[in-house]
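S.K.: In the working numbering, the protein residues as written are 46 to 545.
So that we are looking at the same thing, I have put the structure below in structure tokens.
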Amino acid sequence: MTVRVRFAPSPTGFLHIGAARTGLFNWLYARKAGGKFLLRVEDTDLQRSTDESTRSIIEGLQWLGLNYDEEIVFQSANAEKHRAAALRLVEEGKAYRDFTPKETRSDTNVKQEIAERARRSSEEGTDQRSNPFRDLPRAESDARAAAGEPFAVRLKVSREGRSRFEDAVFGMQERDYAEIEDLVLLRSEGLSPLYNLSVVVDDIEMGITHVIRGQDHLTNTHKQILIYEALGVSVPQFAHMPLILAPNKVKLSKRKHGEVVSLTTYRDRGFVPAAFRNFLALLGWSPATAEREVMTLEELTEEFSLEGIHRSPAVFNFNETDPRQWTDQKALWMNAEYIRTMPLAELVPMVRAEFEAIGLWRAEFGADERVWFEKTVDLIRERFYTLKDFSGQGRAYFSDEFEFDEAAVKKNLKKEPRLKELLPALAARIEAVDGDFTAETCEAALRAFADEREVKAGLLINASRTALSGQSVGPSMFHIFEVLGRERAVKRLRDAASLI
RNA sequence: GGCGCAUUGGUGUAGUCGGCUAACACGCCGCCCUCUCAAGGCGGAGACCACGGGUUCGAGUCCCGUAUGCGCUACCA
């Protein structure tokens with residue numbers, strides 16, 4: 046049997062990183078098994094669903110490199126099928142019409158209301174099967190429906206017995222039927238289908254063999270199994286994955302934690318897709334042969350297995366008050382690791398895209414200066430954490446309009462008044478370098494000059510770094526000379542005197 | 001309230017059939033390298049494996065209980 050899995054996000058708000066991880070695991074599972082990875086947009090809640098959100102899901106998957114097979118399924122388009130399935134269950138006596146008027150429920154304190162209602166009914170001793178319409182004679186039910194009386198459709202859950210299934214991650218799961226109420230399949234309003242019904246009917250329709258999703262669906266799985274059984278269809282294999290928590294151990298949510306939770310944030314803040322994907326894969330999963338953590342997509346696919354998924358939730362570690370830790374440190378490290386080690390040919394287009402986005406790109410970078418551009422990117426990549434750094438700290442390499450870092454000016458230029466005179470003199474010396482303008486020839490010239498003036502080479506080197514790049518940190522100074530070229534290097538050395 | 005799940009250094013994790021002086025990565029600290037900062041190399045601090053019982057010669061690993069957290073419990077998804 047061919048493996049068919051699906052990623053089924055609901056399009057409300059931007060794509061959550063937890064959802065993205067679920068998508069990733071589904072993708073890895075499908076690819077490893079040589080099966081199909083399908084995308085289904087669960088947009089049955091039309092009030093909250095937006096096209097923009099659907100776009101962010103599609104873009105997010107694309108960014109992560111998770112291509113899906115077959116056409117996207119929009120759940121809302123299948124409502125008629127879902128309804129027909131429920132009605133068929135009424136026909137077969139496996140579900141019934143409930144003519145009880147709908148209770149109005151305030152959306153804000155739902156959880157609390159549920160708890161209170163449960164407490165009350167346990168005190169009164171009412172059980173889950175006490176619905177008076179459960180055993181209403183069929184003829185009467187038909188008649189009332191025909192007369193236009195509104196009704197919801199509920200599944201008739203057995204009075205006795207136990208539901209059980211083997212979850213690939215959490216193991217054997219059991220639940221007494223007594224704990225499951227006769228769940229509503231169709232709303233009284235317009236007989237519109239509810240989540241549990243829609244999911245099951247769609248999964249059947251799409252031929253899903255493995256349902257890999259968040260742990261928040263674990264207990265509801267029993268309800269869904271009941272629907273599968275009523276429909277007379279065998280159940281798929283289930284695998285639930287632990288949730289991702291915020292540092293204070295609460296569920297990571299879009300509302301509370303904002304943009305760190307959104308996948309697009311990582312794209313927009315200079316993450317390399319492969320790096321973030323790698324990081325995400327390691328959150329709640331670990332390879333059986335855990336020797337290295339930096340893994341290519343191929344390696345991840347090869348290593349992936351449901352058994353490697355953990356049962357305990359993972360904490361996504363970040364600190365909102367510290368801009369250096371705006372997201373998980375390990376994610377940042379992983380990104381830096383990718384930036385400095387990935388093939389230059391893959392990195393350059395990403396840097397280009399970043400430059401184009403902020404208007405720093407010039408056509409020459411891709412034409413006459415292409416070799417130079419790549420060499421420069423290669424020179425500075427080593428100490429960068431995100432793609433944004435190329436246009437931030439690295440701006441001076443690509444443009445004459447850049448800012449000087451205050452602290453750097455203070456530390457490397459202002460501190461030594463003699464530099465006001467030394468720098469222009471050094472500029473003249475550098476300008477006069479014979480032959481090729483390389484790191485070696487520049488170094489020789491600078492060191493000779495330092496000896497002559499009896500100052501430490503380090504003084505000139507550090508001053509030059511700030512003069513040429515605006516920064517106090519960066520690559521070897523002589524390579525900066527080489528990359529900037531004679532003309533720009535000399536000009537910047539001269540101009541820097543005015544900063545002292 | 002009921003049901004379910006989880007609990008190894010700050011974070012992510014490894015710990016097969018019980019034998020650990022509890023391993024790795026990120027982060028942190030120090031040293032080396034050095035023109036700065038990284039990277040790299042070396043080293044260090046940091047966990048009585050949530051707590052309490054039990055089984056056993058021996059428990060992070062098995063059993064019971066407690067606590068805490070999370071999830072579900074809806075005519076939300």
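The beta carbon of each residue, even a glycine, is placed where N, CA and C say it ideally should be.
These figures come from a predicted structure and were not determined experimentally.
(1) So within the segment 283 to 338, which uninterrupted alpha helix (DSSP H) runs reach at least 4 residues, ignoring any that extend past its ends?
(2) Is F526 helix, strand or coil by DSSP?
(3) Please report the Cβ distance between V88 and F59, rounded to the nearest whole angstrom; I am assuming they are in contact, meaning their Cβ atoms lie under 8 angstroms.
(4) Between which two residues does the alpha helix (DSSP H) containing A65 stretch?
(5) Considering only the alpha carbon of each residue, which of A78, S55, D90, N380 lies closest to V48?
(6) Mind listing, in chain order, the continuous alpha helix (DSSP H) runs of no fewer than 4 residues lying wholly within the segment 241 to 274?
(7) Count the CB pairs spanning the segment 427 to 447 and the segment 482 to 499 that are closer than 8 angstroms, and state whether there are at least three.
(8) Quick check: the segment 291 to 309 against the segment 269 to 279, are there 3 or more CB pairs under 8 angstroms?
(9) Could you say which of L468, S166, E116 lies nearest to V500 if we only look at CA atoms?
(10) Please report the residue range of the alpha helix (DSSP H) in which V396 lies.
(11) For A200, does the three-state DSSP call read helix, strand or coil?
(12) Hey, would you say Y383 sits closer than 8 angstroms to V317, going by beta carbons?
(13) Going by the CB atoms, is the gap between F443 and A484 shorter than 8 angstroms?
(14) Which runs of the beta strand (DSSP E) at least 3 residues long sit entirely within the segment 120 to 144? Give them in chain order.
(15) Applying the 10 Å Cβ sphere with the 16-neighbour rule, what's the burial state of D187?
(16) With a threshold of 8 angstroms on Cβ separation, who are the neighbours of D450 within its own chain once the five nearest residues in sequence on each side are excluded?
(17) Judging by CA-CA distance, which residue of E115, G480, Q157, V360 is the nearest neighbour of I253?
(18) With the cut-off set at 8 angstroms, would you say G68 and L106 are in Cβ contact?
(19) Helix or strand or just coil, what does DSSP make of V229?
(20) When the distance is taken between beta carbons, is V50 closer than 8 angstroms to A131?
(21) Taking C-alpha atoms, which residue in L471, E488, R463, R533 lies nearest to I545?
(22) When the Cα atoms are used, what is the spatial distance from L471 to S298?
(23) Among the candidates A490, L290, A75, whose CA atom is the shortest distance from the CA of F363?
(24) If you follow the alpha helix (DSSP H) that P459 is part of, which residue opens it and which one closes it?
(25) Excluding sequence positions up to five away, which residues of its chain have a Cβ less than 6 angstroms from the Cβ of L134?
(26) Which class does A359 belong to by DSSP, given the choice of helix, strand or coil?
(27) For M286, count neighbouring C-beta atoms within 10 Å of its own C-beta (all shown protein chains included) and say buried if the count is 16 or more, exposed if not.
(28) Closer than 6 angstroms by C-beta to D540: which residues in its own chain qualify, once you throw out the five before and the five after it? Chain order, please.
(29) Residues bridged to S208 by DSSP?
(30) If you pair each beta-carbon of the segment 123 to 130 with each one of the segment 230 to 250, do three or more pairs fall below 8 angstroms?
M.R.: Quick answer:
(1) 299 to 302, 308 to 313, 318 to 326
(2) helix
(3) Going by the sequence as given, residue 88 is Asp instead of Val. Contact doesn't hold; Cβ gap of about 15 angstroms is too wide.
(4) 62 to 78
(5) A78
(6) none
(7) no
(8) no
(9) L468
(10) 389 to 403
(11) In the sequence on display, residue 200 carries Leu and not Ala. L200 falls in the strand class under three-state DSSP.
(12) yes
(13) no
(14) 140 to 143
(15) exposed
(16) T511, G515, Q516, S517
(17) E115
(18) yes
(19) strand
(20) no
(21) R463
(22) 56 angstroms
(23) L290
(24) It should be pointed out that residue 459 corresponds to Lys in this sequence rather than to Pro. From DSSP, K459 is part of no alpha helix (DSSP H); its letter is neither H nor E.
(25) A140, A275
(26) strand
(27) buried
(28) none
(29) R220
(30) yes
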